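One structure is given below, encoded as structure tokens.
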Amino acid sequence: MADSGKTENASSSSHFDVVPLAADHHFLHDPTKKNSLVSHFSNAQSPVYRAIMREWKILQSSLPDSIHVQTYETRIDLLRAVVIGPQGTPYHDGLFFFDISLPAHYPVGPPSVYYRSHGYRLNPNLYANGKVCLSLINTWYGNSRERWTHGSTLLQLLVSIQGLVLNERPFFNEPGFEAGKNSQSCFWVKSSNVYNETTFVLSCKTMARVARSPPKKFEEFVDRHFRARADPILTAIGDYVEGLAMVGSLEGDEGRRIRVSRRFKNDLARVRGELEVAFSRYLPLGWVDCNRAVDVEKPKEDVKKKGKKGLWKSLLGLWRRFGIETEGFE
């Protein structure tokens with residue numbers, strides 16, 4: 273058993289831990305479980321108890337380095353998982369937390385999953401209210417092969433979230449937009465790039481919130497992660513401002529700079545300020561003063577009106593016509 277607030281180091285081979293109950297778990301006071309807790313989850317001979325123990329063994333042995341799970345000594349039906357945002361995506365270096373609840377008839381029915389969003393919708397599948405829209409847990413349509421079955425596992429669920437949801441071009445997770453993923457049309461390319469930019473900014477805002485107020489029992493994990501990644505995260509922001517790389521990739525073409533919109537530069541300047549405050553205890557003394565500042569760029573008078581009715585608002589209008597949720601992108 274681990275001490276309160278502790279999890280294994282990211283470099284360790286263990287990414288699974290059993291800890292005392294987290295008081296802030298989203299499903300802690302689920303009223304539908306009052307009776308089933310006594311008759312099912314506390315009985316070591318019950319089918320659901322044995323199924324959960326099998327899941328624990330799978331997670332103990334098979335979790336990738338970028339996914340960490342905590343289960344609870346007194347509530348085996350609850351879990352909390354953190355997925356580290358994959359490199360090469362607009363989610364890189366972020367920490368994305370999910371609270372999971374297993375039903376009394378598990379694994380016949382899928383788990384309930386709540387995304388700790390901090391009010392930001394940074395993916396078509398992850399809602400600001402915490403809803404996770406995924407066919408594997410039967411919260412989105414899909415064929416029989418994509419939906420939850422008796423043989424599905426929590427490992428499969430977590431890997432799906434990391435690979436299929438937190439991907440390099442999340443714009444195309446929008447229903448009906450898969451066809452544009454391989455298109456070279458200006459609309460699809462520009463829409464995806466702008467979506468990535470806004471997604472990265474929202475991911476940074478999420479990082480700031482997590483750094484300031486980590487989920488319970490994950491405090492030390494969050495501290496270690498940002499102590500190691502604060503510098504690279506802020507450096508990436510500087511590279512994006514300078515046009516040295518596209519969002520999600522720090523391997524820009526040498527000698528060729530990417531055009532960066534004023535809107536994105538200003539968003540980066542603001543979110544960098546938030547992160548510098550949130551990361552202050554992770555950075556060496558004087559780090560901020562020694563690194564180049566990202567200033568908010570003021571619009572020029574002769575382009576001010578044009579900027580208000582420019583490409584960005586045109587894209588938002590087109591997205592709305594196609595039914596795309598634009599909340600958080602305006």
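Counting the sequence shown from 1 gives a position; our numbering is that position plus 272.
By construction, the Cβ of each residue, glycine as well, lies at the ideal position given by its N, Cα and C atoms.
Everything numeric in this text was worked out from a predicted model, so none of it was measured.
What I want to know is whether the C-beta of residue 497 ends up closer than 6 Å to one or more non-hydrogen atoms of the ligand GDP. This structure lacks the ligand GDP, and indeed carries no ligand of any kind.
Inter-residue spacing [alpha-carbon to alpha-carbon] between residue 351 and residue 450: Each residue's Cα considered, the two are about 32 Å apart.
When you compare each of 539, 477, 518 and 554 to residue 389 by their alpha carbons, which one comes out closest? Answer by Cα proximity: 477.
Mind reading off the beta-carbon distance from residue 394 to residue 471? Whole number of angstroms is fine, and I expect it under 8 Å. Indeed, because the Cβ distance is near 5 Å, the residues count as touching under 8 Å.
Straight-line Cα distance separating residue 290 from residue 442: Each residue's alpha carbon lies about 33 Å from the other.
Distance, residue 548 Cα to residue 286 Cα: Per the coordinates, the alpha-carbon of residue 286 lies some 31 Å from the alpha-carbon of residue 548.
Residue ranges of each alpha helix (DSSP H) within the region 453-531, 4 or longer: Entirely contained in the region 453-531, the alpha helix (DSSP H) runs reaching 4 residues are, in chain order, 458-484 and 491-513.
Alpha carbon to alpha carbon, what distance is there between residue 513 and residue 424? Roughly 43 Å between the two C-alpha positions.
Determine, using beta carbons only, whether residue 520 and residue 361 come nearer to each other than 7 Å. For the pair residue 520 and residue 361, the CB atoms are nearer than the 7 Å cut-off.
Quick check for students: name the residue ranges of the beta strand (DSSP E) that lie wholly in the region 381-424, counting only runs of 3 or more. Listed in chain order, the complete beta strand (DSSP E) runs (minimum 3 residues) inside the region 381-424 are 384-387.
Closer than 6 Å by C-beta to residue 246: which residues in its own chain qualify, once you throw out the five before and the five after it? Chain order, please. Any question about residue 246 goes unanswered here, given that the chain covers just 273 to 602.
Just how far apart, CA to CA, sit residue 377 and residue 349? Put simply, the backbone Cα of residue 377 is about 11 Å away from that of residue 349.
For residue 386 versus residue 402, is the C-beta spacing smaller than 7 Å? Yes, Cβ-Cβ distance for residue 386 and residue 402 is below 7 Å.
Through-space distance from residue 340 to residue 504, alpha-carbon basis: Going from the Cα of residue 504 to the Cα of residue 340 covers about 21 Å.
Separation of residue 320 from residue 372, as counted between CA atoms: Rounded to whole angstroms, residue 372 to residue 320 spans 15 Å at the Cα level.
Beta-bridge partners of residue 288, as assigned by DSSP: Answer is 341, bridged to residue 288.
Note the first and the last residue of the continuous beta strand (DSSP E) segment covering residue 354. Its beta strand (DSSP E) spans residues 350-356.
With DSSP run on the structure shown, which of helix, strand or coil describes residue 432? In the three-state reduction of the DSSP assignment, residue 432 falls in the helix class, which pools H, G and I.
From 461, 474 and 407, residue whose alpha carbon lies closest to that of residue 400: Taking only the C-alpha atoms, the option nearest residue 400 is 474.
In angstroms, rounded to a whole number, what distance separates the CA positions of residue 499 and residue 506? Straight across, the Cα-Cα distance linking residue 499 with residue 506 is about 12 Å.
Alpha carbon to alpha carbon, how far is residue 546 from residue 370? Give it in angstroms, no decimals. Rounded to the nearest angstrom, the gap between the Cα atoms of residue 370 and residue 546 is 23 Å.
Please classify residue 306 as buried or exposed, where buried requires at least 16 other C-beta atoms within 10 Å of its C-beta. With fewer than 16 other Cβ atoms inside 10 Å of its own Cβ, residue 306 counts as exposed.
For residue 299 and residue 292, the rounded distance between their alpha carbons: Each residue's Cα considered, the two are about 15 Å apart.
Under three-state DSSP, which class holds residue 539? Correct three-state label for residue 539: helix.
Taking DSSP as the reference, what is the three-state secondary structure of residue 367? Residue 367: strand per DSSP, three-state reduction.
Quick check: the Cα distance between residue 315 and residue 322, rounded to an integer number of angstroms? Their backbone Cα atoms lie some 9 Å apart in a straight line.
I'd like to check one pair, residue 510 with residue 438: are the Cβ atoms closer than 7 Å? Their beta carbons are not under 7 Å apart, which means residue 438 does not touch residue 510 by this criterion.
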